[in-house]
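Everything on this sheet refers to the single structure shown next.
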Amino acid sequence: FTYDDGNDELDVLGIQLERTDDARVYTKNTCCESEWLVVKCQVTAADSNMHEWVSHLGNTHLSMEPHIIAIYNTLRQANHPLYTFLKQNCRDTLLLNWGARLSLASYEPLAFGDYQASVGVGQFMQLVGKMWSRYSFFEKSSLPNELASRGFTEDVQVPGYLYREDGMKLWNAIGGFATDFVDEVFDSDEAVASDTVVRDWARETTDSEKGAVNGFPTS
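Sequential numbering from 18 applies to the sequence shown in my numbering.
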């Protein structure tokens, strides 16, 4: 890609469809119009599949399950004040995930996901599992860290990148609200550390036999 300062847009310089050293590089200057269109369609289809399965199903829906179950098993059972804040983040997710397992990600003959996905349910669920094995809570759940991991640090000016511009506004607004709420519940870091329910929540979230969330505080 190349960045067009005039339009604040990324332009495609070239596309390589195979991961070999001698793979052809397609460009709009070396392809006819129809061939260039087909190549772009292949990239778009691959990106759409990765979004639907890994970014959406895996990193949005399924990755929330261990957090929700840990919250239910600890904060909700103890009627902890933090549950008042977190319960809206748990709403409907388990039901949606159950529905996805019966439709999009079901393992059965003529499964819907096999028609929807370019390589089938099994292969994409392997990619979801690979994503989860590399998941780290504070890296993936922090928008600034996630942006920085892809090279979009604060010093990189990309005015047309609205995901970052609008996303950081939401991140800061939600972060401020969350901080204010926690400050109402706890008056010090020591109070957080000594709260047995919070410690149970952390253990439930990170235990290898339970939530198994990497990067989350263990206690």
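Virtual Cβ for every residue (Gly too), placed ideally from N, Cα, C.
Given the structure is predicted, the values throughout are model-derived calculations rather than measurements.
*How should Tyr124 be labelled, buried or exposed, when 16 other C-beta atoms within 10 angstroms of its C-beta is the threshold for buried?*
Taking the first residue of the sequence shown as position 1, residue 124 is located at position 107. Per the 10 Å Cβ criterion, exposed.
Quick check: the segment 73-81 against the segment 140-148, are there 3 or more CB pairs under 8 Å? Touching, yes.
Between Asn162 and Phe169, which are expected to be in contact by the criterion C-beta below 8 Å, what is the C-beta distance as a whole number of angstroms?
Indexing the sequence shown from 1 puts residue 162 at position 145. Indexing the sequence shown from 1 puts residue 169 at position 152. Contact between Asn162 and Phe169 does not hold, since their C-beta atoms are separated by about 11 Å, which reaches or exceeds 8 Å.
Next on the checklist: For the beta strand (DSSP E) containing Asp39, name the first residue and the last one.
Outcome noted: For the purposes of this step, residue 39 is taken as residue 22 along the sequence shown, with counting starting at 1. That residue, Asp39, is in no beta strand (DSSP E); it is neither H nor E in DSSP.
Please return the same chain residues whose Cβ sits closer than 8 Å to the Cβ of Leu113, not counting the five positions on each side in sequence. Indexing the sequence shown from 1 puts residue 113 at position 96. Counting only Cβ-Cβ distances below 8 Å, and skipping sequence neighbours, we find His78.
Worksheet entry | Three or more C-beta pairs below 8 Å linking the segment 95-102 and the segment 166-181 | When Cβ pairs closer than 8 Å are counted between the two stretches, the segment 95-102 is seen not to touch the segment 166-181, the count staying below three.
Restricting to Cα atoms, I'd like to know which of Arg151, Glu26, Ser150, Glu52 is closest to Leu34. Residue mapping note: residue 34 aligns to position 17 of the sequence shown, counting from 1. It is Glu52.
* Asked: Taking the alpha-carbon positions, what's the Ile88 to Ala40 distance?
  -> As a working mapping, residue 88 is identified with position 71 in the sequence shown. As a working mapping, residue 40 is identified with position 23 in the sequence shown. So the alpha carbons of these two residues sit roughly 49 Å apart.
Specify, as a first and last residue, the run of the beta strand (DSSP E) that Thr19 falls within.
The residue given as residue 19 occupies position 2 in the sequence shown. Counting along the chain, the beta strand (DSSP E) containing Thr19 begins and ends at 19-21.
**OP:** Would you mind listing the alpha helix (DSSP H) stretches within the segment 102-179 that are 4+ residues and don't spill past its ends, in chain order?
**Re:** Those alpha helix (DSSP H) runs which fall completely within the segment 102-179 and span 4+ residues are 110-119, 129-133, 138-150, 154-157, 160-166.
**Prompt:** Going by the beta-carbon positions, is the gap between His68 and Val230 smaller than 9 Å?
**Reply:** Here residue 68 refers to the residue found at position 51 when the sequence shown is read from its first residue. Here residue 230 refers to the residue found at position 213 when the sequence shown is read from its first residue. The answer is no: Cβ separation not under 9 Å.
Original post:
What distance in whole Å lies between the Cβ atoms of Gln133 and Leu121, which are believed to be in contact at a cut-off of 8 Å?
Top reply: Counting from 1 along the sequence shown, the entry for residue 121 is found at position 104. Counting from 1 along the sequence shown, the entry for residue 133 is found at position 116. The pair is a contact, with the Cβ atoms about 7 Å apart (cut-off 8 Å).
| task | Would you kindly report the start and end of the unbroken alpha helix (DSSP H) that includes Glu69? | result | Here residue 69 refers to the residue found at position 52 of the sequence shown. Segment: none, Glu69 is in no alpha helix (DSSP H) and carries neither H nor E.
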